[in-house]
Each structure stands twice: as C-alpha cells, then as structure tokens.
Ligand code: HEC
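Numbering (this note's numbering), first residue to last: 365 to 577.
Next up, the structure:
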C-alpha cells in the first residue's frame with residue numbers, strides 16, 4: 365500500500381518536472397509570462413498604452429483603447445482664461461496700449477495684491493519696490509533696472525504682460541498666478557508704490573466699462 369503510494373507520488377513528480385521544464389521555453393528570445401493578463405490587464409485603463417502589447421505595437425485600434433485621451437487641439441482647461449497677446453515686442457506694446465485692469469479696485473484687492481507681492485515678488489523688487497530685494501542685497505541677482513515709484517511710465521497692460529511672460533531677467537509668473545492675481549498685483553503696484561489714487565483707478569475702470577457697453 366505504501367509502495368503504491370510512493371510510486372504514484374514519484375510519477376506525479378516526474379510529470380510536474382516535465383511540465384515545468386517544457387512550459388518555460390522562451391518565445392522570441394523573451395522570458396515566458398505566466399498569466400500575461402496580470403501584467404497587461406485586458407480591461408481599459410486610464411494611462412495604459414495598449415500599443416505596447418507585445419508584438420502588437422503598431423496596432424492603432426489597441427492604441428486607441430487608452431481612456432485618457434489627448435485633449436482636442438485648442439482645449440482650454442477649466443478656470444483658465446487664455447491670454448491673447450504674444451510673447452513678442454509687438455505683443456508687449458499692444459498689451460500696453462489695449463489692456464485695462466478688469467478688476468475694480470477695492471481695499472480688499474489691494475491687500476490681496478500686497479500678500480501676493482510678499483510671496484512672489486519681494487525677494488527681487490524689494491519691500492519698497494526699489495529693486496533691492498534680498499536676492500539683490502545678497503548679490504545673488506543684479507540690481508533691478510526698474511523702480512516702482514510715482515510717475516513710473518509703464519502702463520498697467522505692460523505690467524500685466526511682463527508678469528505673464530517675464531521680461532529680461534524676470535521670469536514668467538503665469539504658472540504661479542492666475543490672471544486675477546496678476547491684476548491684483550498691478551493694482552497693488554500702482555496704488556502702493558506709484559502712489560496713484562485708487563479712486564482715479566476706479567474711475568478709469570468704470571469709464572472703460574461704460575465705453576464698452
Ligand atoms: C527673479 C527676480 C524677479 C522676480 C521674482 C520678479 N521680478 Fe519683476 N522684474 C525683474 C527684473 C529684472 C525686471 C526688469 C526687466 C527688464 O526690463 O529687463 C522686472 C520688471 C518688472 C516690472 C516692469 C515691467 C515692464 O514692463 O518694464 C514689473 C511691473 C514687475 N517686474 C512686476 C513683478 C511682479 C508683480 C512680480 C511678482 C509676481 C515680480 N515682478 C517678480 C525681476 C523680478
């Protein structure tokens with residue numbers, strides 16, 4: 365009885381060994397895959413490019429199974445407002461001539477502008493806007509050619525354009541600040557550093573709005 369049992373066991377062992385040896389043949393020089401579905405799920409997945417399926421790289425239909433698709437050309441992300449002026453010298457001049465701050469000035473807006481200035485601008489432009497921020501003080505950045513002061517001849521459109529794209533050694537801030545925040549900063553620079561009368565700015569905005577209507 366025991367002998368018979370051992371016999372069966374050794375036969376089973378031999379079968380198992382044969383199966384394991386023969387089933388592990390390499391195909392096309394690649395190691396075999398046990399249950400390939402576990403490596404490459406047949407279900408549709410967000411970012412898996414089924415075009416990578418072994419041996420079927422060129423299969424367009426498989427490639428198109430990916431659920432996350434490239435947005436259609438010209439798609440605008442939610443909440444993003446496109447900016448119509450190009451990053452060129454002409455774009456700068458045009459923005460300077462045509463762009464007006466669309467946000468009515470309030471004290472609250474001024475405060476928000478000040479906060480943003482402290483986060484994104486003060487290290488270069490300095491606390492008083494004289495281009496003597498901490499980076500300049502520590503000689504990590506050359507003195508700034510622009511000082512925010514009364515009578516500074518830079519229109520708000522130009523300021524907005526510069527904050528959007530950058531200018532000279534100043535980098536673009538469009539990825540950190542949305543359009544509203546950029547306009548808030550323009551308000552802050554004009555009222556706080558350039559000592560422009562906020563009421564005058566309010567008047568300008570109202571006149572502009574009326575002329576559009
Ligand atoms: C890395 C340093 C740096 C930072 C940070 C920086 N700026 Fe500037 N900024 C400059 C330099 C340099 C110039 C002068 C550019 C030129 O005319 O070559 C400049 C110019 C300007 C001008 C004048 C624009 C014009 O059209 O001539 C404005 C307005 C301005 N910056 C606003 C800001 C605001 C607002 C922030 C924060 C969001 C900011 N900057 C952050 C370095 C910086």
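Glycine residues also receive a C-beta, built at the ideal position from the N, C-alpha and C atoms.
Spatial neighbours of residue 386 in its chain, beta-carbon cut-off 8 Å, leaving aside the 5 residues before and after: The residue labelled residue 386 in the question sits at position 22 within the chain shown. Closer than 8 Å at the Cβ level, and outside the excluded window around residue 386, lies no residue.
Compute the Euclidean distance between the alpha carbons of residue 380 and residue 410, then round it to the nearest angstrom. On the chain shown, position 16 is the one that residue 380 refers to. On the chain shown, position 46 is the one that residue 410 refers to. Each residue's Cα considered, the two are about 39 Å apart.
Can you find a heavy atom of ligand 1 that lies under 7 Å from the Cβ of residue 510? Taking the first residue of the chain shown as position 1, residue 510 is located at position 146. At least one heavy atom of ligand 1 is nearer than 7 Å to the Cβ of residue 510, so yes.
Straight-line gap, residue 565 to residue 468 (C-alpha atoms, nearest Å): Within the chain shown, numbered from 1, the residue matching residue 565 stands at position 201. Within the chain shown, numbered from 1, the residue matching residue 468 stands at position 104. Straight-line Cα distance between these residues: approximately 8 Å.
Hey, residue 521 and residue 463 are a contact pair by Cβ (cut 8 Å); roughly how many whole angstroms apart? Counting from one through the chain shown, the residue named residue 521 turns up at place 157. Counting from one through the chain shown, the residue named residue 463 turns up at place 99. Correct: roughly 3 Å between the Cβ atoms.
Can you give me the Cβ contacts of residue 458 inside the same chain, cut-off strictly under 7 Å, excluding the 5 residues immediately before and after it? Residue numbering aside, residue 458 sits at position 94 when the chain shown is read from its first letter. Residues 449 of the same chain have their beta carbon placed closer than 7 Å to that of residue 458, with the five preceding and five following residues left out of the count.
Any heavy atom of ligand 1 within a distance shorter than 7 Å of the CB on residue 498? By 1-based counting over the chain shown, the position of residue 498 is 134. No, ligand 1 has no heavy atom inside 7 Å of this Cβ.
Any contact of the region 481-489 with the region 534-548, i.e. 3+ C-beta pairs under 8 Å? yes
Mind checking whether residue 441 and residue 547 have CB atoms under 8 Å apart? The sequence position of residue 441 within the chain shown is 77, counting from 1. The sequence position of residue 547 within the chain shown is 183, counting from 1. For residue 441 and residue 547, no; Cβs fall outside 8 Å.
Tell me whether residue 559 sits in a helix, a strand or coil according to DSSP, three-state version. Translated into positions along the chain shown, residue 559 becomes position 195. Residue 559 falls in the coil class under three-state DSSP.
Assuming residue 500 and residue 507 are in contact, meaning their beta carbons sit under 8 Å apart, how far apart are those beta carbons, in whole angstroms? Position 136 of the chain shown holds residue 500. Position 143 of the chain shown holds residue 507. Sure, about 6 Å apart at Cβ, within 8 Å.
Within the present structure, is the beta-carbon of residue 452 separated from the nearest heavy atom of ligand 1 by less than 7 Å? In the chain shown, the residue the question calls residue 452 occupies position 88. No.
Quick one: which unbroken alpha helix (DSSP H) runs of 4-plus residues sit fully inside the region 464-545? Chain order, please. 471-484, 486-489, 498-501 and 520-529
Within a Cβ cutoff of 7 Å, which residues of the same chain sit near residue 558, ignoring the five residues on either side of it in sequence? The sequence position of residue 558 within the chain shown is 194, counting from 1. Around residue 558: 512, 513, 514 and 516.
Should residue 556 and residue 478 be called a contact, given that it needs their Cβ atoms to be closer than 8 Å? Locating residue 556 in the chain shown gives position 192, where the first residue counts as 1. Locating residue 478 in the chain shown gives position 114, where the first residue counts as 1. Yes, the pair counts as a contact, with Cβ atoms nearer than the cut-off.
Pick from 523, 455, 434 and 447: whose alpha carbon is nearest that of residue 549? Counted from its first residue, the chain shown places residue 549 at position 185. Measuring from the Cα of residue 549, the nearest candidate turns out to be 523.
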